Structures are given as structure tokens and as C-alpha cells.
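> Protein chains in written order, with this note's numbering: chain Z, 1 to 314; chain B, 1001 to 1256; chain E, 2001 to 2502. Positions of the beta carbon are idealized from the N, C-alpha and C atoms, including for glycine. All values reported here derive from a predicted model rather than from experimental measurement.
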Amino acid sequence: MSGLLARRLVALPFVLLGAALLIFLLPRMAGVDTVRSVLRSRVAEAEPDPEVAARVTAELGLDRSWLEQFLRWLGHALTGDLGISFATRTPIAPQLGAALEVSAVLAAGALLVAGLVGIPLGVWAARRPGGLADRAVTGFSVLGVAVPEFVLAPVLVLLLAIAVPLLPATGWGTPAQAVLPVLTLAAFPTALAAQLTRAETLDALGRPHVAVALAKGIGGAQLIWRHGARLALTGVTALSGMFFAGLLGGAVVVEVAFGIPGLGRLLYDAVVGQDLPMLQSGLLAVVAVAVLAGVAAELLQLALDPVARSEAET
Amino acid sequence: MRRVLVALAVLLLVAAFLPVDALTTNLADRFAGPSLAHPLGTDNLGRDVLARLVAGTRLSVWFTLLAVLICAVVGTLLGLLAGYAGGAVGQLLQRVLDVLVAVPTVIVGLVVAAVREPGPATLLIAVLLTGWTPFARLAYQLTLRERAREYVEGAVALGAGPGRITLVHILPNAVRPLTAHACLRFANVLLSLAGLSFLGLGAQPPTPEWGAMLAEGRQYLFAAPQLVLLPAVAVVGVALLVTVLGRRLEGRWSGR
Amino acid sequence: MPTTPRRLLAVVALVGLLGGCGGTAATGDPVPDGELRVAAQFAPRSGYAMDTDDAFVVAQVGSSEALVRAGSDGTPQPGLATSWRQDGASWTFQLRPGVTFHDGTPLTPSAVVTALTWVAGVAAPPRAIKGIGLRATETGPDAVTVTTAAPDPILPLRLSSVNTAILAPSAYTGGPPSVIGTGTGPMRLVAAQGNQEAVLERNDSYWGGRPQIAKATVRFITDPAARALALRAGDVEIAQGLPESALLEFTPGNGYADQTVAAPRTVSLMLNQKGAFADVRVRQAVEKALDRTALAEQALAGSALPASELYGPAVAWGSQDPPAGPDPQGARELLAQAGSPQLTVRLQTYPNRPELPTLATAVQGMLREVGIDAQIQIGEYGPQEPQLLAGDYDMFLLSRNYLTDVPDTGSTLVSDYSCAGSYNINQYCSPEYDALLAPLATTTDPAGRQAVFRAAAARLTADVVGVPLVHSQENAVTKGVAGFVVDPLAKQLITPELTRAG
């Protein structure tokens, strides 16, 4: 077990380096006039002026060769200095940290809902396959995977903020403001969790030792919950990649729709404003989160599922 | 039930070729209600909503299909190769997959849009960059599993080369789960495409595309909610259709 | 989540009861010391840097002020300076007595010099003061002298720009100036959370009178649909820049008040005179083919005004007349005369302003009627700009603010239409036109300058240098406020007269 994980962790810096180089090169290879884009994002209707462009190019350090730029950036990044944003001309690291915090809260909230609602729903549905509960849950879960966030967001706002003025429609900071975005983001993982849990529970119920236990008369409900929930968790963590991809991607749309200052919104603004350093750092953060999430998920899976553990040790 | 699903799927594929007029504006007849001339009414520029929905299948259905197909072929090839080579190459693929599978298409789309102009080509690139990973993983695992089977060992003993083994033994068994998976990925790609268009990074106006129609329609949410609901139903409907189809295929073919 | 029907009914009933207690807001008496929430249209993208467009945000929320105010008639009015006098290439500004910054320090000539010296020395100088060689020096205990490289007739107007706002000396300590608690305006910036929201408190010792609003929260919501939702849900009292369709929802009967004013912004169809549109008859044909009234009232659903020339009702020298009606037959005749009865051209634009793709589609339809096949290409503005400047395009739909940030349009006339202009997209070059602009270098008198503007605009219309299509409008919808006025120059939002009404 530790061998597999060690290999994963050793690969991490190389993966990040490769990703950093790729992300660094991409905008520069495309031949977009970065300086003009940056200037226009500062003053929307400024006319082109070669003198000003030259001054700002030097100011942003874009007049050096790309290798030199990359090595400089790398050197600073290793000491924790992610550079200066082209847009705000202030350090990137604090902005990125704040955005990560917000996105983490949003994602954690969505995952919590997915776990607390999705898993029990799946187990409940599996108790009587083909029954009313099962069909309702299956219907909900299939719908939840198919409805995109930008459709769900205005619907939820319409229902819970306007028709019934219960919650604020936009903004971030108070618990009340967090409800609608978290619910919108949670739809996909909850539905997925319910589906997986149901499948795993049905599978578990079919296994010999469980059937024996049931035959012996050991409490059915308790058994289902204990085995089903645990197996569901392993199933969920096995698909953690898809989960996180769904969460991060959905978060961008939710953040833009609700005006939340998270990582997705930061990346979107960086793309629109050609803020290359911010884009680089933001993307690296995403990649790092993705890899770390994968490692964490695997750890969790190994901890929960003895079968996987023994497989990993061979 | 399955026949109904298949019929619907065929209908979607055919719709893209129907000669509908999705672009002509009629400023005097905006926000019209359903009528014989316009069964679903008109939008904010007087264009026929039904025509735009139908024309939207070109992007939403065919383009997505193309993207999924390319992903499937590329991913499967890479997975097969890695599965066959095994060892270090296989490990490398695993590491790359670990990272890529968790990077969402929307974010990749953002990056690609930063270096290129927004548009269908950009979307294709964005989808391709990460979309091949699930297929590669699946193909890799299948290849490993099949290689260990007796009949493959037997074939090797008989002197069959790796190419032949792959084509004759591994691929036929892989096709079914891959197809089922492709259906599931289709919904995901469709939603990513719509999401990117919603963010303004996908199809540009006046191209009819369901996500873009949704984004435009949000402004008129109260005045004309059907401009939001109809494309939403289209997106969700097609995603649902393909997902259900995929699950049924998967269930049928993997013996669950 | 599943719940028993009875429980669901009870929840709905309870919520309905609570919801009903709110009642509809009535426009009533001003509520003193009220709290205000605003949904603002543009977010500060550059960290509130005062040499960028973010300076508009700092000014709108009522925190910063400049030496001069722009009057509604385009003349300079006293701001932090009460009077000024020209002396060759220098202008001496008399500072207003008794003004203190939000951090308690007094407004002194030294503070003004610090502020102006900073803005004159940034790498990308603001348009208002670009290229004039601005230098500021103290003159006595209450005056500042500003000198330029050459005598400048509109220096006071330039110093009404939000980029030249005067912040406290404590703001200018290296790096971008800090805007928290360093202004002079009616509201003091207390917290600025990135580009999400800004919190302000009343400045009790404001020189222009004690503000009515005690606390304000400005939320930056760039998505127009989200702004409308925020207003609808009661999250804010003022929402800027709502799409026309949303206005239908906010009726006076429900307590909403809508203000729409003409903005100094025109959407024009640029015609490349170095390429397909070198012949003036072809350009005239395009003009005759377009029904600008229909574009404004139908395609844009009345959210813009039809344009007959470059300048509209937002400025004193603008035209109030409606444009000539469409003449498709005349257009066809002109095209035949010019020898190109059928024309295929590219019509390019960008999607950042929602009205542009809509207009492009409508224009395409109108041009088709006279035999011009316009193929629409919509893409990001950035990559297209080099093509435009090089004259490698056919038609381009552009939205342009012709007042930049100084209520004097002289610089736009030079940059956009003179032979050597840095932004002459139409590729227009006419020595007669350049000669028309000559008096602008020396005329101080506003009436004289406005006469030049009118003449220049008339010349551009006669030569069909691009076709101005519509004049944009600014709007805002409010509920439960009094004393709110939409500023077409986008410099004022929260003023001392603004108050909650109950």
C-alpha cells in the first residue's frame, strides 16, 4: 500500500512541472497580443499606442525570452511567490488563496449534501428494488446527472428566492447566501452518489455472507445500512475523478451565475483579461487539487475496502 | 422501451439535415406565441424557436458525436497500446490519466479559449484534451484483463502476433463496454459544450446552439420563460435519452 | 426530498403567511440614516487601480472626487477646486477650503500635487491626460498650478476625469494607491472585497452636506440577468444596467422606478474605405438600406435611440433629429451606378456587448434586401483589432463611447477620423476634415468648441464615414429610494441627496 502511494507522490512534482510548462507555453504559442489585451482590460476603450505598449511590455517582463520568463517564474514559485497579476498588479498568492478557500467551502458543502442525501437515498432505494421508492430515486438521480448547473440555478432562484422569498439570490458570505449555490452544485454529485450507492448496495445484498446474515435473521435494516453505506463510499471514491471533475467544472458555472469569488470565477476572469500569471497559477492549483484529490480518494478507498487493500499490496 | 429510445435517437440524428430556417429574423413578430407558422413561437429577434432547436442538433448532437467518437478512438488506441506494452508505459499512462480525468472540460475550454478564438473548433480541442481519458482507462484495464485470459495465452503460444491478438481477441470484447461508456460520455460532452456556450466561450451568435440559446434567453426569464425552458428541455432531454440508452446497453452487455 | 403531503402543505402555508406580511413597498417619505444596497454593473477588474477604469467605480460609490466636476452641459463646474485661471500653458486652481480626506488629513496643495504627479507618471497614462506633459506645483497656501507642454484649452475638463481624483497622501506610498479611507467624497470606503462587493459608510464631515445614507453595500454583479434577479428578490434597492426585457417586469405598481437616459455611446457600422467601400455611392447605398428606427425600436426593443449622426441627445451638441427612413430602391440604384449591384462582404463584430450580435443579425437582413450579402463573423475583439487597424476587413460593428472620460470629444474626433489618427478604423483621410479640427487646439470657449464638433459630425455624415446606427442608453431600476439620478457619464451613483424612502 505504501509503495503505491509513494510512487504516486513521487510523480506529483513531475506532473506539476510538466503541467506548468504546458500552461506556460500555451498562450505564448498562440500569438495573442497579451499586452494589448491587458491594457484593454484596464481601460476598455483605450486606443493602441506603441509607446505605451513598449513601456508596459517591459513592466510586465514580457520582453524577455520565454525560457527566461519560465525559469524566473519557476524560481519564484518554488519559494511560494506566484508573481504579480497582470490585471491588478498585486501579488497573486493571496488572491488565489482567498479564491481557493471560497471554492473549497462551496465544494465541501456540495460533497456534504451529496454524502448526507445521496448515499441514504441510494440505500433506501435498494431496499426494495423496483418499488416506488426505487423508481423515484432512480428518476431523480438520472435527472440530476443530466440537468446542467446553468439550468438549475435560475430555476432554484425562481423557486426559493423569488416565488418564496426565502433566500438571497446572489452574493456570498453569509450562510443564507451559500444555500442556493451549494444546492445547485450538489445536484450532480448527489445524483451520482445515489446511483452508485444503489448499485453497490444491490450488489452487496447479493453476496453470500450478507444473504446468510439475512437468513439468520440479523436485523435487515441495520445490515443494509452498514454494508451498503461502506461499499457505497468505496464506489464513490473509486469514481472520485469524475466527481471532482464534475464539481470543479460545475463550480465555474455556479460561481459565474451567482457571483461567487471562487477559483472558477478567478480563472474565467483571467481568461477574459489575458492575465497570464493568474491563469498559470490558477490552472496549476486546479491540477494540484485534482492530483491530491485522487491520492486522497485512493487512500480512503484502501482504508475502507479490504479487498482493494489486498489487491494493492500484491 | 428500448425501441422508443432508439427511434428517438435516430430522429435526433436525422433532424440535423432538415432544411429549417433558423437564422431569418422578423423584427415585427418577436416573442410570438405558438402558431401554425411557428409551432413553438418566436424568440427575441422573431426567429422560429422550433427551427433553432432543430438546427441546434447539428452542434449539440453531431458535433458532440464527432467529439465523442474521436475521443473514443484515440483513447482506446492509447489504452490498448499501454495495456500491451505494460510495465513503465502502463504506469506512465496511469499517472497521466489520474491527473487528466479530474480536470473538468469547462476549465480546459476556458484555457483553450484564452489562446484561441471562441468557437466550435476551440470546443472540439477542449473536449479532446481531456475526453480521451475515460476510454483510455477502460481500454487499458480491459486489455490487461484480457491478456491474462487463457485463450490469449493460447494464441500467443500458437505464435500469433500482438496486432492480431488485439484485433481478434481483445477488441471484440472491449467494444461493448466501450460503446456503453461512449453513450454516458456523450451526455457529459453535450453538457460541457452547452456550459461553455453559456459562458460565452462556445458557439457564437447567431449560430443556433442550445446552451447559447439558454444564455440569451436568461435575460427574458420573466418576459418569455419559454426561451429558457425549451432549450433546457432539449439539453436535458437528449442527455437523459443517451444516458438511459447507455445504461441499458451497459446493463445488457455486462450481464448485471 | 420526499416529505409527506400534509407536512408540505403546512410549510407552504406558513411561508405564504410570512411572505404576505411583507407587503408592497410604497414610495413614501425619506427614511433618514438608511442602509443602501446596490447591484453595480461593472466590477473593478484591476484591483481598484486609479489609472484604470476602476477609478469610475471608486467615484461612483461616492468615495473619490476630482478637482473639477463635469456639468451636465459639458462645462467644467467646481469640485475640489472652486475656481481656475489660465495663464498661457499654466492653469492655477484655487482649492476649496475646509475639505478633509476620510483619514482626517486636510486637503492641501501638497496633497493635490502628490496625487497629480502620481497619475502623470504611470506607465499607461489615462486618456484624459495622455501626452500633454502634465506637471503640478504648489502655489501658495491654497492653490495649485498645473502646467502642460503646450497651452491646453480644456485642462479643467481634463481634470474632471475620475483618474485624476485626489486621494490622501497616505494612499501614495509605493505601488498602486490604496483607496480604502483615502477619498474626499460623501461615502467612505470601509472594505473592498476583491471584485465582489464594497462596503461604505457615511462621511459625516463631507463638504457638500451630510449624506442621507448611513451605510452602503455595492455588489458587483456583471451578469445582467443576475442583477435583475437580485433586484427582484429584494437583495438590493438599486440595480444598474438592466436589459430592456427585464424592465417590463419592474412596474411602478410594484414600487419600482425606472430611469433611462441617453449615454454618450454610439454603435456604428464601420465601412472600410480602403477596401470594399472606397466608393462613396456604395457607402450611401448601405446607409439607405438600413432602417435605423426599426433597429432601435424593434431589434433592440427600444433600449437604444436611432442615430442620425455620430452625436446623440446625451451631449449638448448632439443631434435630436431622427434619421432618414430607409430607401431600398435608392440603395439598389446607387449600387447599380457604382457598378456592383451584388456585393458579398464580411460583417464582423464582437459579443461582449449583447446588442452587437443582435444588431448584426438585423443589419444582415436589411442589407440582403438591396443585394448585399453580409456574412456575419463574431469573434473576440482582441484578435480582430490588428485587422481593423490595417484595413483588412469589410464591415465592422463597433460600440464606441465618444466622450472617453472627458466631456470633450475633441480627442475622439482626432484619433478616430483624422488622417494620422491612431484608431482610424474606417481608413478615412480627408484634409478638409483635418482642417476643420484645427481650432480645437486653441479654443477654450465651450460654445466655440461645440460648433467645431457639430461641423465635424456633419462632415462625417456627408462623407458617410461609417454609418452611426443607434445611441445607447443607460438605465437603472430602483425600489425604495429617493433622490437617485442616473449619470450618463457614469461618474456618480451614490450622492449626498440619495436616501432610502419608505
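Comparing C-alpha positions only, which one of Z:L302, Z:L284, Z:A6 and Z:A296 sits nearest to L78 of chain Z?
Minimum Cα distance to L78 of chain Z is reached at Z:L284.
> Does DSSP classify E2385 of chain E as helix, strand or coil?
The answer is helix: DSSP assigns E2385 of chain E an H, G or I state.
> Would A303 of chain Z count as contacting chain B if we go by Cβ distances under 8 Å?
No - not a single Cβ of chain B is within 8 Å of the one on A303 of chain Z.
> Cβ atoms of S2064 of chain E and V2179 of chain E: under 8 Å apart, would you say?
Yes, the pair counts as a contact, with Cβ atoms nearer than the cut-off.
> For the candidate residues E:P2341, E:Y2393 and E:A2456, whose alpha-carbon lies nearest to that of G2371 of chain E?
Comparing Cα-Cα distances from G2371 of chain E to each of E:P2341, E:Y2393 and E:A2456, the minimum goes to E:P2341.
> Does the beta carbon of R7 of chain Z sit closer than 8 Å to a beta carbon anywhere in chain E?
Not one chain E Cβ lies under 8 Å of R7 of chain Z.
> By the 10 Å Cβ neighbour count, where 16 or more other Cβ atoms means buried, how is Q2375 of chain E classified, buried or exposed?
Exposed, because fewer than 16 other Cβ atoms sit within 10 Å of the Cβ of Q2375 of chain E.
> Any chance you could list the beta strand (DSSP E) runs of at least 3 consecutive residues sitting entirely within the stretch 2388-2427 of chain E, in chain order?
Complete beta strand (DSSP E) runs here, min 3: 2395-2401.
> What residues in the stretch 72-93 of chain Z have a beta carbon less than 7 Å from any beta carbon of chain E?
Hits within the stretch, in order: A87, T88, R89 and T90.
> With a 10 Å radius around its C-beta and 16 neighbouring C-beta atoms as the bar for buried, classify L9 of chain Z as buried or exposed.
Classification of L9 of chain Z: exposed, given that the 10 Å Cβ count is below 16.
> Flag this pair as touching only if the stretch 1018-1031 of chain B and the stretch 1039-1047 of chain B have three or more C-beta atom pairs under 8 Å; answer yes or no.
Touching, yes.
> Assuming contact is defined by CB atoms lying nearer than 8 Å, are T1057 of chain B and A1016 of chain B in contact in what I supplied?
Against a cut-off of 8 Å, the Cβ pair of A1016 of chain B and T1057 of chain B comes out as a contact.
> I'd like to know if D134 of chain Z contacts chain E, where contact means its C-beta is closer than 8 Å to some C-beta of that chain.
Chain E contact via Cβ: absent.
> Using three-state DSSP, classify T1122 of chain B as helix, strand or coil.
The answer is helix: DSSP assigns T1122 of chain B an H, G or I state.
> Using a beta-carbon distance below 8 Å, is G139 of chain Z in contact with chain B?
So no, G139 of chain Z is outside the interface.
> How far does the beta strand (DSSP E) with A2040 of chain E in it reach, from first residue to last?
Its beta strand (DSSP E) spans residues G2034 to A2040.
> For a contact defined as C-beta to C-beta under 9 Å, what are the partners of A1028 of chain B on chain E?
Near A1028 of chain B (Cβ distances below 9 Å), the residues of chain E are A2294 and Q2298.
> How far does the alpha helix (DSSP H) with D2054 of chain E in it reach, from first residue to last?
D2054 to Q2060 is the span of the alpha helix (DSSP H), which, as asked, contains D2054 of chain E.
> Does F150 of chain Z get closer than 8 Å to chain B when you measure Cβ to Cβ?
Yes, F150 of chain Z counts as interfacial toward chain B.
> Under a Cβ-count criterion, where at least 16 other Cβ atoms within 10 Å of its own Cβ denotes burial, should V1014 of chain B be classed as buried or exposed?
Classification of V1014 of chain B: exposed, given that the 10 Å Cβ count is below 16.
> So which residues on chain Z does A1187 of chain B lean against when the C-beta distance must stay under 7 Å?
Within 7 Å Cβ-Cβ: A146.
> Go ahead and pull the three-state DSSP assignment for I2378 of chain E.
The answer is strand: DSSP assigns I2378 of chain E an E or B state.
> DSSP on V2267 of chain E, reduced to helix/strand/coil?
Reduced to three states, the DSSP call for V2267 of chain E is strand.
> Would you list the residues sitting across from D2258 of chain E in a DSSP beta bridge?
The partner list for D2258 of chain E (beta bridge, DSSP) reads E:V2477.
> Compute the beta-carbon to beta-carbon distance between V2218 of chain E and A2040 of chain E, rounded to the nearest angstrom, for a pair I have assumed lies under 8 Å.
The Cβ separation is near 5 Å, so the contact holds.
> Can you give me the C-alpha to C-alpha distance between Y1084 of chain B and L1144 of chain B, rounded to a whole angstrom?
Taking the straight line joining both Cα atoms gives about 7 Å.
> Is W2084 of chain E helix, strand or coil when you go by DSSP?
Residue state, collapsed to three classes: strand.
> Using a threshold of 8 Å, state whether the C-beta atoms of F1031 of chain B and T1076 of chain B are closer than that.
Taking 8 Å as the Cβ cut-off, F1031 of chain B and T1076 of chain B do not qualify as a contacting pair.
> Rounding to the nearest angstrom, what Cα-Cα distance links W1062 of chain B and E200 of chain Z in this structure?
Going by the C-alpha atoms only, they are around 34 Å apart.
> Just to confirm the assignment, what range does the beta strand (DSSP E) spanning W2091 of chain E have?
Taken as a continuous stretch (DSSP letters only), the beta strand (DSSP E) holding W2091 of chain E covers S2090 to L2095.
> Pop quiz: N2401 of chain E and Y2381 of chain E are said to be a contact at Cβ under 8 Å. What is the actual Cβ separation, rounded to whole angstroms?
In fact, because the Cβ distance is near 14 Å, the residues do not count as touching under 8 Å.
> Does the stretch 127-142 of chain Z come close enough to the stretch 191-205 of chain Z to have 3 or more Cβ pairs within less than 8 Å?
Judged by Cβ distances under 8 Å, the stretch 127-142 of chain Z makes contact with the stretch 191-205 of chain Z, as three or more pairs qualify.
> Closer than 8 Å, CB to CB, is L2367 of chain E near chain B or not?
Not an interface residue.
> Quick one: which chain Z residues come within Cβ less than 8 Å of L1214 of chain B?
Under the 8 Å cutoff, chain Z gives F150 and V151.
> Within the continuous alpha helix (DSSP H) that includes K2288 of chain E, where are the two ends?
Looking at the DSSP string, the run of the alpha helix (DSSP H) that includes K2288 of chain E is V2280 to A2289.
> Measure from the alpha carbon of P1019 of chain B to the alpha carbon of each residue in B:L1040, B:L1053 and B:D1029, then state which is nearest.
Checked all of B:L1040, B:L1053 and B:D1029; the closest Cα to P1019 of chain B is B:L1053.
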